[in-house]
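Numbering (the working numbering), first residue to last: 260 to 443. All residues carry an ideal CB built from backbone N, CA and C; glycine is no exception. Computed from a predicted model, the values in this text were never measured in an experiment. Before any comments, here is the structure.
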């Protein structure tokens, strides 16, 4: 099975999901994994980067919202530039087959490549930032509605609307059945 190196080239933590499980990659982290998984994570990281905005809501990459998940990526230079930073194919086919557990595939892909990973991570740390500072996370934005007294991890409690008997009397039919409403 082909392998590739996935690199989180951004300044933010990236959580990649596959088969319902998330894997967290801190800024600058890289990891060898099956080729299909590296492409999947790189696509999602690239899309997130293209949709990134400044604090005032302006896209950092002009027109980036129109470049996400293109049908022909090779025709979208900015998408390919960012994608190629996140996805580096490898020429060694040394890991198991598709039936193996994903964690064991990733572990075996990284087993003998610690020096390569260290070099890539060093390059990322020494590289200048891609563009202006990232937008604050939505929960840090003062315009973002914050739930009060609710645990963000626990189940959400939705309370029913207040019911008032006076509301019945003030309705369009004055609380009377439709048959008993006098004609106007």
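Only counting the same chain, and skipping five residues up and downstream in sequence, which positions put a Cβ closer than 7 angstroms to that of residue 346?
In the chain shown, the residue the question calls residue 346 occupies position 87. Taken in chain order, the residues that qualify are 263, 265, 297, 298, 301.
Are the beta-carbon atoms belonging to residue 303 and residue 279 less than 8 angstroms from one another?
Within the chain shown, numbered from 1, the residue matching residue 303 stands at position 44. Within the chain shown, numbered from 1, the residue matching residue 279 stands at position 20. No; because the gap between Cβ atoms is not below 8 angstroms, this pair is not in contact.
Considering only C-alpha positions, which residue in the set 309, 260, 384, 316 is nearest to residue 466?
For the chain, the structure presents residues 260 to 443; residue 466 sits outside this window and is missing.
Delimiting residues of the beta strand (DSSP E) encompassing residue 293
Working through the chain shown from its first residue, we reach residue 293 at position 34. Segment 289-293, the beta strand (DSSP E) holding residue 293.
Is it buried or exposed for residue 290, if we count other Cβ within 10 angstroms and need 16 for buried?
Walking along the chain shown from the start, residue 290 turns up at place 31. Answer is buried; the Cβ neighbour count reaches 16.
Below 8 angstroms between beta carbons: does that hold for residue 335 and residue 326?
One-based indexing of the chain shown puts residue 335 at position 76. One-based indexing of the chain shown puts residue 326 at position 67. The Cβ-Cβ distance between residue 335 and residue 326 falls below 8 angstroms.
Can you find the residues in the same chain that come closer than 7 angstroms, C-beta to C-beta, to residue 305, ignoring five residues on each side of it along the sequence?
In the chain shown, residue 305 corresponds to position 46, counting from 1. Residues of the same chain with a CB within less than 7 angstroms of the CB of residue 305, apart from the 5 flanking positions on each side, are 338, 341, 342, 345 in chain order.
In chain order, what residues of the same chain have a beta carbon less than 7 angstroms from the beta carbon of residue 283, not counting five sequence neighbours either side?
For the purposes of this step, residue 283 is taken as the residue at position 24 of the chain shown. Closer than 7 angstroms at the Cβ level, and outside the excluded window around residue 283, lie 272, 274.
So if DSSP puts residue 263 in a beta bridge, which residue, or which two residues, is it bridged to?
For the purposes of this step, residue 263 is taken as the residue at position 4 of the chain shown. In DSSP, residue 263 forms a bridge with 292, 348.
How should residue 268 be labelled, buried or exposed, when 16 other C-beta atoms within 10 angstroms of its C-beta is the threshold for buried?
By 1-based counting over the chain shown, the position of residue 268 is 9. Buried.
Buried or exposed: which applies to residue 322, given that a residue is buried once 16 or more other Cβ atoms fall within 10 Å of its Cβ?
The count along the chain shown starts at 1 and reaches residue 322 at position 63. When all chains shown are included, residue 322 counts as exposed.
If you follow the beta strand (DSSP E) that residue 412 is in, where does it begin and where does it stop?
As a working mapping, residue 412 is identified with position 153 in the chain shown. Annotation: residue 412 is outside any beta strand (DSSP E) and is labelled neither H nor E by DSSP.
Same chain only: Cβ atoms within 7 angstroms of residue 333, ignoring 5 sequence neighbours per side
By 1-based counting over the chain shown, the position of residue 333 is 74. Within the same chain, residue 333 has close Cβ partners 339.
For residue 293, count neighbouring Cβ atoms within 10 angstroms of its own Cβ and tell me buried if that reaches 16, exposed if not.
As a first step, residue 293 must be located in the chain shown, where it is residue number 34. Buried, since its Cβ has 16 or more Cβ neighbours within 10 Å.
My output table needs one value for residue 312: the three-state DSSP class, helix, strand or coil.
Position 53 of the chain shown, counted from the start, is the residue given in the question as residue 312. DSSP places residue 312 in strand when its eight states are reduced to three.
Less than 8 angstroms between the beta carbons of residue 285 and residue 270, yes or no?
As a working mapping, residue 285 is identified with position 26 in the chain shown. As a working mapping, residue 270 is identified with position 11 in the chain shown. No, they are not a contact pair.
Along the chain, where does the beta strand (DSSP E) that runs through residue 280 open and close?
Start at 1 with the first residue of the chain shown, and residue 280 comes out as number 21. Here the beta strand (DSSP E) through residue 280 covers 280-284.
Just the Cα atoms here: how many angstroms apart are residue 380 and residue 288?
Position 121 of the chain shown, counted from the start, is the residue given in the question as residue 380. Position 29 of the chain shown, counted from the start, is the residue given in the question as residue 288. Counting only the Cα atoms, residue 288 lies some 6 angstroms from residue 380.
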